[in-house]
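Shown next, in structure tokens, is the structure this report addresses.
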Amino acid sequence: MESLILHDIINENLIKLSLEGLTRDEVIYELTDLLYQNGIISSKEIFVKEVKKRENLCTTGIGMGIAIPHGKCSCVIKPAVAFGRSTLGISWDTMDGNPVHMVFLLAVSESGAGNQHLQLLAMLSRKLMHDDFRKGLMAAKDKTQLLSMFKSIFRKS
Amino acid sequence: MPIKIVGVTNCPAGIAHTYMAAEALETEAKKRGYQIKIETQGSIGVENRLSPKDIEEADYVILALGRGLSDDERARFADKRVLYVDISEVLKNPAEIIENLEKRAVKFENINATHQNQVTTGNTKRSVGVFGHLMNGVSFMIPFVTAGGILLAISTALVGGGKTSPGSFAFLLENVGVIGFQLMIPILAGYVAFSIADKPALAPAMIGAWLANQRDVLGTKGGAGFLGAIAVGLLVGYFVQQLKSLKFPKTMQALMSFLIIPAVTTLLISILVFYILGPIISGIMFSINSFLNSLSTVSKIIVCIVIGMMIVFDMGGPINKAAYLFSLGMVEQGNALFFGTVAITNVIPPVALGLATLLRPDLFKPDEIANGKSAVVVGLFGITEPAIPYAVNDPLAVIGAQMIAASAAAIVGVLFGVTRIAPGAGILDPIIGIAKPALGYYTALAIGILINVALVILFKSIRKKKNSGLFVNS
Numbered sequence: 175m176e177s178l179i180l181h182d183i184i185n186e187n188l189i190k191l192s193l194e195g196l197t198r199d200e201v202i203y204e205l206t207d208l209l210y211q212n213g214i215i216s217s218k219e220i221f222v223k224e225v226k227k228r229e230n231l232c233t234t235g236i237g238m239g240i241a242i243p244h245g246k247c248s249c250v251i252k253p254a255v256a257f258g259r260s261t262l263g264i265s266w267d268t269m270d271g272n273p274v275h276m277v278f279l280l281a282v283s284e285s286g287a288g289n290q291h292l293q294l295l296a297m298l299s300r301k302l303m304h305d306d307f308r309k310g311l312m313a314a315k316d317k318t319q320l321l322s323m324f325k326s327i328f329r330k331s
Numbered sequence: 475m476p477i478k479i480v481g482v483t484n485c486p487a488g489i490a491h492t493y494m495a496a497e498a499l500e501t502e503a504k505k506r507g508y509q510i511k512i513e514t515q516g517s518i519g520v521e522n523r524l525s526p527k528d529i530e531e532a533d534y535v536i537l538a539l540g541r542g543l544s545d546d547e548r549a550r551f552a553d554k555r556v557l558y559v560d561i562s563e564v565l566k567n568p569a570e571i572i573e574n575l576e577k578r579a580v581k582f583e584n585i586n587a588t589h590q591n592q593v594t595t596g597n598t599k600r601s602v603g604v605f606g607h608l609m610n611g612v613s614f615m616i617p618f619v620t621a622g623g624i625l626l627a628i629s630t631a632l633v634g635g636g637k638t639s640p641g642s643f644a645f646l647l648e649n650v651g652v653i654g655f656q657l658m659i660p661i662l663a664g665y666v667a668f669s670i671a672d673k674p675a676l677a678p679a680m681i682g683a684w685l686a687n688q689r690d691v692l693g694t695k696g697g698a699g700f701l702g703a704i705a706v707g708l709l710v711g712y713f714v715q716q717l718k719s720l721k722f723p724k725t726m727q728a729l730m731s732f733l734i735i736p737a738v739t740t741l742l743i744s745i746l747v748f749y750i751l752g753p754i755i756s757g758i759m760f761s762i763n764s765f766l767n768s769l770s771t772v773s774k775i776i777v778c779i780v781i782g783m784m785i786v787f788d789m790g791g792p793i794n795k796a797a798y799l800f801s802l803g804m805v806e807q808g809n810a811l812f813f814g815t816v817a818i819t820n821v822i823p824p825v826a827l828g829l830a831t832l833l834r835p836d837l838f839k840p841d842e843i844a845n846g847k848s849a850v851v852v853g854l855f856g857i858t859e860p861a862i863p864y865a866v867n868d869p870l871a872v873i874g875a876q877m878i879a880a881s882a883a884a885i886v887g888v889l890f891g892v893t894r895i896a897p898g899a900g901i902l903d904p905i906i907g908i909a910k911p912a913l914g915y916y917t918a919l920a921i922g923i924l925i926n927v928a929l930v931i932l933f934k935s936i937r938k939k940k941n942s943g944l945f946v947n948s
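Laid out in structure tokens, this is it:
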């Protein structure tokens, strides 16, 4: 059951091991595209606008090489995460001034539907605060390894 | 006894920061052997809610907030030693927060005053700006125009362009269509004002805009149309917003929003419209309209080229919206030529870019190619958004090509006299009867798309040649 929900939220189609973009906006577009192609959102333009609005309120580049841009909007069909890594680093106005290497683009629907999905996103956010989890994500060789890291979200830390 | 800490975290979206901050504080506190309980106020709702007993027993309270806390909620922590921080500070350095808790936490009543402003600044989610308010009005208005326009088109088709005879079905459709068009004015004004100042502003703005469009009442040559609606909507909206911020005695407050504000504002806006605004704006509208109607074909072409270029320039951005709104407003004034240009040029970019990816995949990125087919299909039905990623990746070549193509299509459109009376659905417009003539519409569209495809491929090949030998993907 839990792994089914996990599969809804993140799966290999929503992962990019090596992002092409080098700036915040490029990467937001790149990952938004993944969401769109996988039927998570109904409009790229509206979603990107929402994400940028949130980003401009206060950066989601929380430091430690991580950014978690997110958009909550009626254009989200079902909640999900797109994940991308960049070894080069992405220029982002981050809290610690360092470039971003891992981006989680969260899409959440306006209606608040899919409470379990939101719970999962919350658990993921918590997990990201742990050193070993972040290192593991960066070191993972392929999508299978990454997905098994994500599965560990369910194990109590 | 270990030190006991309680806290609350929240953030604007309530999706990620709330939980990250909670986790960071918990981890740091546990490292030091403290007891900690953090209430998370996220989009799932409030979790791990602090009980009065938790708060009672706590030595310190940490409020890590991204969207403020209501007075009621803050009252829970009366007399406690509280540390107020911005949630981003917690994410930056959670260890520092826990370590300096003793130094930084202050008794609750002291912080009440100093943090008042901080709490209100957290509530700026409605700062959308004039443009946002206008777009809110437009989004409510469009269904009226679409519904009215389609019925009107059916009615015209039924009588073959002639006059409808009273009592007939075509007569019914015609009148319903006209009602839709008449309502678009008050709806636009009403929802611009509603977006600024909520419910109390709706009625005065709708009534004011309706009045501004009644040339018989005003004694003017024409109505104030969409310009009048925008003016009334903005004026009423900001006026009501000011009124609402005034302090009134409690007994009156209950009556304010549904009685006093609407009545007083309606009276004031009506006087303003009747004596000043109405005559001025309807004068402006009348002269714009007669000027546009008197234009020679050449001048009409120039106006339409400008509109066409604006439509494709930022695809859904402010420039596009300005051209769209102007053209739609002119329809209400009885001049549908400009909206005809919009109908044609809207379709060109996504279809042309999609076709270009099919013809020359070597010039596009993998994502762009993957999107190509859907861009063509979706684009044909009048949705321009699929073109945006292409423009973002390569603005000069993509936007340059489509602006030239849109100009050409606009010229052909004017020569054929292509008009559209309501927002529609791309290539379906001539079929449902809102865009005419069909031949002109499709010819202009085909020419525009052809030119756009050719130019995009040309520009991108030139670029590619220049860059060959260099590192391309930068």
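Line order of the protein sequences matches chains A and B.
The working numbering applies: residue 175 is where the first sequence begins, and numbers increase by one.
The working numbering applies: residue 475 is where the second sequence begins, and numbers increase by one.
No residue lacks a Cβ here, since even glycine has one placed at the ideal position from N, Cα and C.
Once the 5 residues before and after residue i are set aside, which same chain residues still bring their CB inside 6 Å of it?
| i | result |
| --- | --- |
| A/K218 | T206, Y210 |
| B/D533 | I477, K478 |
| B/L717 | I735 |
| B/G488 | G516, S517 |
| B/Y665 | N610, G611, F614 |
| B/G828 | G846, A849, V850 |
| A/L279 | L205, P243, A256 |
| B/D560 | none |
| A/G195 | V201, E204 |
| A/N187 | N212 |
Against chain A, with Cβ distances strictly below 8 Å, would residue i count as a contact?
| i | result |
| --- | --- |
| B/L608 | no |
| B/E497 | yes |
| B/V494 | It is worth fixing the name first, because residue 494 of chain B is Met in this sequence and not Val. True, the Cβ-Cβ gap to chain A drops below 8 Å. |
| B/N604 | Inspection of the sequence shows that residue 604 of chain B is occupied by Val rather than by Asn. Chain A contact via Cβ: absent. |
| B/N597 | Residue confidence for B/N597 is low, a pLDDT of 35 falling below 50, so the modelled location carries little weight; the figure read from the coordinates is stated next. No, B/N597 does not count as interfacial toward chain A. |
| B/A565 | The sequence given here places Leu at residue 565 of chain B; Ala does not occur at that position. With 8 Å as the cut-off, B/L565 counts as an interface residue toward chain A. |
| B/S818 | It should be pointed out that residue 818 of chain B corresponds to Ile in this sequence rather than to Ser. Judged by the 8 Å Cβ criterion, B/I818 is not in contact with chain A. |
| B/Q592 | With a pLDDT of 38 at B/Q592, under the threshold of 50, the modelled position of this residue cannot be trusted; read the value that follows with caution. No, B/Q592 lies away from the interface with chain A (no Cβ there is under 8 Å from its Cβ). |
| B/A490 | yes |
| B/V619 | no |
Note down the Cα distance separating residue i from residue j, rounded to an integer number of angstroms.
| i | j | result |
| --- | --- | --- |
| A/S248 | B/M658 | 25 Å |
| B/G596 | A/I183 | With a pLDDT of 35 at B/G596, under the threshold of 50, the modelled position of that residue is not reliable, and the figure given next carries that caveat. Straight-line Cα distance between these residues: approximately 30 Å. |
| A/K223 | A/W266 | 17 Å |
| B/S525 | B/A549 | 13 Å |
| A/R308 | A/L302 | 6 Å |
| A/M312 | A/P273 | 14 Å |
| B/G696 | B/L811 | 19 Å |
| B/D553 | B/T483 | 20 Å |
| B/K511 | B/A495 | 12 Å |
| B/G757 | B/S562 | 53 Å |
| B/V650 | A/V250 | 35 Å |
| B/D841 | A/T197 | 17 Å |
| B/F945 | B/T501 | With a pLDDT of 45 at B/F945, under the threshold of 50, the modelled position of this residue cannot be trusted, and the question is left open. |
| B/G542 | B/V772 | 58 Å |
| B/P660 | B/G682 | 8 Å |
| B/L557 | A/S192 | 41 Å |
| B/G803 | B/A909 | 16 Å |
| B/E648 | B/L662 | 22 Å |
Can you tell me whether residue i sits near the ligand SAH, meaning its C-beta is under 7 Å from at least one heavy atom of the ligand?
| i | result |
| --- | --- |
| B/Q876 | Among the components modelled here there is no ligand, and therefore nothing to report on the ligand SAH. |
Apart from the five residues just before and just after residue i, which ones in its own chain have a Cβ nearer than 8 Å to its Cβ?
| i | result |
| --- | --- |
| B/L833 | V927, I931 |
Residue i CB to nearest chain B CB: under 8 Å?
| i | result |
| --- | --- |
| A/V282 | yes |
| A/S299 | yes |
| A/R228 | yes |
| A/L292 | yes |
| A/L262 | no |
How close, in whole Å, do the beta carbons of residue i and residue j come, if the pair is a contact with beta carbons under 8 Å?
| i | j | result |
| --- | --- | --- |
| B/G814 | B/V714 | The Cβ separation is near 37 Å, so there is no contact. |
| B/V706 | B/I750 | Incorrect: roughly 12 Å between the Cβ atoms, too far for contact. |
| A/G235 | A/T268 | 3 Å |
Ordered along the chain, which non-local residues of its own chain (more than five positions away) have a Cβ less than 7 Å from that of residue i?
| i | result |
| --- | --- |
| B/V805 | F813, I895 |
| B/G782 | T815, T819, A880, S881, A883, A884 |
| B/N809 | N763, L766, N767 |
Is residue i close to chain C, meaning its C-beta is less than 8 Å from at least one C-beta of that chain?
| i | result |
| --- | --- |
| A/Q319 | Any reference to chain C falls outside this structure, whose protein chains are A and B. |
Checklist entry - For the region 515 to 541 of chain B, which residues have a CB atom closer than 9 Å to at least one CB atom of chain A, in sequence order? => result G516, S517, I518, G519, E521, G540
Checklist entry - What residues from the region 237 to 250 of chain A come within 7 Å of chain B, judged by C-beta to C-beta, listed N to C? => result G237, I242, H244, K246
Item to check | Selection of the region 301 to 314 of chain A by Cβ proximity to chain B, strictly under 7 Å | outcome: L302, M303
Item to check | chain B contacts made by the region 209 to 220 of chain A, where a contact means CB separation under 7 Å | outcome: Q211, S217, K218, E219
Checklist entry - Name the residues in the region 829 to 843 of chain B whose C-beta lies less than 7 Å from a C-beta of chain A; which are they? => result D841
Checklist entry - What residues in the region 862 to 878 of chain B have a beta carbon less than 7 Å from any beta carbon of chain A? => result I862, P863, V866
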